[in-house]
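Chemist: First the structure, then my questions, so here it is.
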């Protein structure tokens, strides 16, 4: 009978004499948390048998991989149900011995860079010597299909790393470290991993994210460190302090409380049956041992002690050095900002004048009016109030007033969601604070600080209740002296996740000006979300409407459920059916639960909701992580600030790709994609449940730094034009599914294919200003604003190499350039214009022209490529045919986008859309040289024209012209399309493009000169010119001089509809005002600066065509410019459109008023409160909140009273002297 150990200690002491050599055929089960696995293995002596039974093996394995060869030590056992099994005590990894085993091993994904297919090819090439080749001769791997030098070296490095990690893992797992963290430890320490763990296991808690003190302590105790060893007590004390900061939001702990908590957490009882009073005695003894340890930590500067007064008694506060420094520095900087000189503080009369000039100022309530006035006159202000009180409206009014004063304003927020919301409601750019400060990975700190402050006059921080102490410090130290800062937030919401309670402390200090909004407005009062939130905040039970009221427009309902099992099923039904039936998509629904654990805790809810929202699918790859499955398409949330990846705690995205071969996955965040190695995925959690789009046709082009790119090819990170004089990065691209198409066509001929709900920047008929209007709302007669800003781009796209023809590997190839240049672009323009290139057989590319200059340019360029140019002169014709015959060259042109097409199907080669400004102009010059004309000798035609038989070519030319700032108009005949450039665009065309042909260029110059100073303006007017004329008239009406009389005459005719205002008129008026030092109306200045071309719609066709559409999201300003110049609003949504809020008896300990209040205020459109009335009532009436240990409020009071940040007399210096603040350590590890 086989020996079966009863305990782990007995098993370790037993050296089994039974050994099983085998190959892993299948991993039936593997728990990454503890390493326990059930494997199916094939014994070594059965490998050559045709039929052989696999054997189940049970035991702890670090990272079992199919195909791996093992030598396992253990014993045989017979299970009554499953039969014969092998129980493993320990094992050794062996090299796979057979080609089949090697292929399985390599194809398992264990080695980065090798997948099943690559493994198959490698083993087919090298057989049983494959592993030897990988380790010692990686250069030979290049003989395998798809493996280059770089990948070969990556495979070798991965293989060697696996060998090293195997030994290290055996040691680490033997000391209780899970495989996931064993990989992280190896990656951090490399070959020093075992040495580091043995010398100081507690260092792991600092160096390796995810390994806390508990895990490090387990290793230390296994290594023989005694429970009362000083280094254990030191590490434990620091752990308790850091843990209280991270989980409780404290900035310090009272010394007495720290020692009590440390003794409780570090205590290990001496015997299992020890009575409770003896345990209490041992804990007290441990507490006494902790006191000298704490004193030593303070003396060495590893902790900081500060004497404070608490409830009439002196107490000692224990800080980490970083938070002690930071809390004092925040108080110092706020004090400096409150007292810094402010030269441009507006006077009350000036504020009155500004407010009166802003439209809608009469709508401000008394509270709001006072808040705006204080914002204009205080260097630091807190604006707070509950939902529906008009914080957003007031903030927007403050921003407008500050803009009137000429202030440089930046809006920011602590999180990506909050920043998006701020941008959406303000119509201005907003950034997360992390991205505003710009993290520098090399310096491991933010770029902006005292040495390089932000370039702004006013910083507005929305959602300030989310600000923790460290983020506040990094923000305010980056503000220049003399600047303003406005904190906007709801102080009654939950405080920040991180340490501190900044917004509340600023208010409680009594030293920072506060504007509090309390009045709920009538429109907001119609929302049950808002009225219920205010009721909860006042301690009243909210109005509980049944779900049926949702059909009558109610936006907040209550569903009563007693049993937990039923509660879970109800939630699943709400997410799967009820909310979708109300029009909410899966991505718009968030379930908020107050707890992580339990049947209706976040962990289990995420697992259950994943099955509904993103179920398994054959085409969706997965990656197991502990007890969680990460799947392509999952909504996930980042768990910590990772500055190296530029992704931060609370950021939510979707898993875009899982690559098992490269052992990484990509999460698509709103700010852009982020790569994670599998070992780093512990930073992610599912985000279907948390604790408390529009679209274009995929072929439509977008203006980017890479040229005019189809929206389907836009990538996160691409810079796009916004239509408002800015360039912003794309943070995400969305496939938005099938949508019907609306075709918009303007008078000039520009077109756009868009979904009915997509907004565009337009002036609806009868309106006096541009507004966002959806395509479905637009009609004939409405006017679109087209952006004609020129994006000067010098970067040229790389060009492909010429590929030898099959069967002629040694033939001489054309010497083409490696990058696009103006010479090649001009050649392509000539070929598209007068060339013939539809023949696919012999590779002929020819051009027929009677212009000597064109012939010379064509021949010169092709000759420089090493091609022989042939000439043919037909009898009786002045035209010469030049041609080359090269199938390799023709195939190369095909790669550039020069297809085999007839004249009516010609189009612009794709490479030209991606070329620099210079090359785009050169292409158009070649095209106009061949197919264009400039006026007529003695005729009435005063324009440059291009005639083509191809509508597609005309579309492309119009887009290229507009990207160069040139407006063209389009006319159709039965057989051709004519593009025409005239009026103000003629000088621009002459400057940026011109003609290569001398006689055409001469005509163009005559056309430009004949326009004189006035030029033609009837096609470049401003549709809301009347309202601009009224503003300008108000400034000029009291001035008298000949020039003013002339300008007033123009404005008078515009005001009475006799004359349309042109940009020339507007420019002359503003130039005069600036010259005389008179005020210039901001809207008039902005209109001139943006210089949009206003193009009326002549066709709005809602087609029956349905297409898979695409949209993009642009950082901050949320707009982008299509190739047609039309300005589109990008995808942007509210924070949590629909929330399911759980309030149940099972969450008894978490039922608090501010928790439910915060959850409800997160719902923007619809809220479902589900649970019991008892739990809801308890939440509403339970105002108790665990106080946070912070001293920011007291430090601010002490500074004003002259006591300094520590509260000691004489510690504060008099006056307004400023000094550079110390650089705080980066957030993350607190010690």
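In my numbering, the protein residues as written are 45 to 1275.
Just so you know, even glycine gets a beta-carbon here, dropped at the ideal spot from N, CA and C.
1. Answer with buried or exposed for residue 126, where buried requires no fewer than 16 other C-beta atoms within 10 angstroms of its C-beta.
2. Buried or exposed for residue 73, please, with buried defined as at least 16 other CB atoms from any protein chain shown within 10 angstroms of its CB.
3. To the nearest angstrom, how far is it from the Cα of residue 1036 to the Cα of residue 1156?
4. By the 10 Å Cβ neighbour count, where 16 or more other Cβ atoms means buried, how is residue 68 classified, buried or exposed?
5. Hey, quick one: how far does the alpha helix (DSSP H) through residue 465 stretch, first residue to last?
6. Per DSSP, what are the beta-bridge partners of residue 81 in this structure?
7. Measure from the alpha carbon of residue 584 to the alpha carbon of each residue in 1001, 576 and 591, then state which is nearest.
8. Assuming residue 890 is part of the beta strand (DSSP E), what are its boundary residues?
9. Does the beta-carbon of residue 730 have 16 or more other beta-carbons within 10 angstroms, so that it is buried, or is it exposed?
10. Below 8 Å between beta carbons: does that hold for residue 1126 and residue 448?
11. Give me, in chain order, the residues of the same chain whose beta-carbon lies closer than 7 Å to that of residue 722; leave out the 5 immediate sequence neighbours on both sides.
12. For the putative contact between residue 961 and residue 834, defined by C-beta atoms under 8 Å, what is the C-beta separation to the nearest angstrom?
13. With a threshold of 16 other CB atoms inside 10 Å of the CB of residue 1172, please say whether the residue is buried or exposed.
14. On the DSSP bridge list, what partners appear for residue 730?
15. Look at the Cβ atom of residue 1141, then the Cβ atom of residue 626, and state whether they are nearer than 8 Å.
16. Under a Cβ-count criterion, where at least 16 other Cβ atoms within 10 Å of its own Cβ denotes burial, should residue 1242 be classed as buried or exposed?
17. Between 798, 802 and 717, which lies nearest to residue 762 when the distance is taken from Cα to Cα?
18. Identify, in the order they occur along the chain, each residue of the same chain with its Cβ nearer than 6 Å to the Cβ of residue 916, setting aside the five sequence neighbours on each side.
19. Contact check, residue 1012 vs residue 1002 under 8 Å by CB: the rounded distance?
20. If we count the other Cβ atoms within 10 Å of its Cβ and call it buried at 16 or more, is residue 183 buried or exposed?
21. Looking at residue 879: is its Cβ nearer than 8 Å to the Cβ of residue 970?
22. How about residue 492 and residue 498: do their beta carbons lie closer than 8 Å?
23. Does the segment 547 to 563 come close enough to the segment 397 to 417 that 3 or more CB-CB pairs lie under 8 Å?
24. Is it right to say residue 1016 is buried, meaning 16 or more other beta carbons lie within 10 angstroms of its own, or is it exposed?
25. Ignoring anything shorter than 4 residues, give me the alpha helix (DSSP H) runs that lie fully in the segment 610 to 662, in order along the chain.
26. Should residue 1215 and residue 1183 be called a contact, given that it needs their Cβ atoms to be closer than 8 Å?
27. Pick helix, strand or coil for residue 715, following the three-state DSSP scheme.
28. What separation, rounded to the nearest whole angstrom, lies between the Cα atoms of residue 453 and residue 1048?
29. Locate the beta strand (DSSP E) running through residue 701, then write down its first and last residues.
30. Count the other C-beta atoms from every protein chain shown that fall within 10 angstroms of the C-beta of residue 135, then say buried if there are 16 or more, exposed otherwise.
31. Looking only at DSSP bridge pairs, what is residue 880 linked to?
32. Leaving out the 5 sequence neighbours to the left and right, which residues in its chain are closer than 7 Å to residue 203 when beta-carbon positions are compared?
33. Can you tell me the Cα-Cα spacing of residue 66 and residue 477, whole angstroms?
34. In whole angstroms, give me the CA-to-CA distance for residue 1273 and residue 649.
35. Ignore the nearest five residues each way along the sequence and tell me which others in residue 264's own chain have a CB closer than 7 Å to its CB.
36. Contact between the segment 799 to 811 and the segment 986 to 1000: three or more CB pairs below 8 Å?
Modeler: In this structure, then:
1. exposed
2. exposed
3. 31 Å
4. buried
5. 460 to 470
6. 74 and 103
7. 576
8. 888 to 893
9. buried
10. yes
11. 667, 707 and 708
12. 7 Å
13. buried
14. 680
15. no
16. buried
17. 717
18. 925
19. 5 Å
20. exposed
21. no
22. yes
23. yes
24. exposed
25. 646 to 657
26. no
27. coil
28. 45 Å
29. 696 to 703
30. buried
31. 890
32. 155, 178 and 179
33. 56 Å
34. With a pLDDT of 30 at residue 1273, under the threshold of 50, the modelled position of that residue is not reliable, and the figure given next carries that caveat. Distance between the alpha carbons of residue 1273 and residue 649: 29 Å.
35. 245, 246 and 276
36. no
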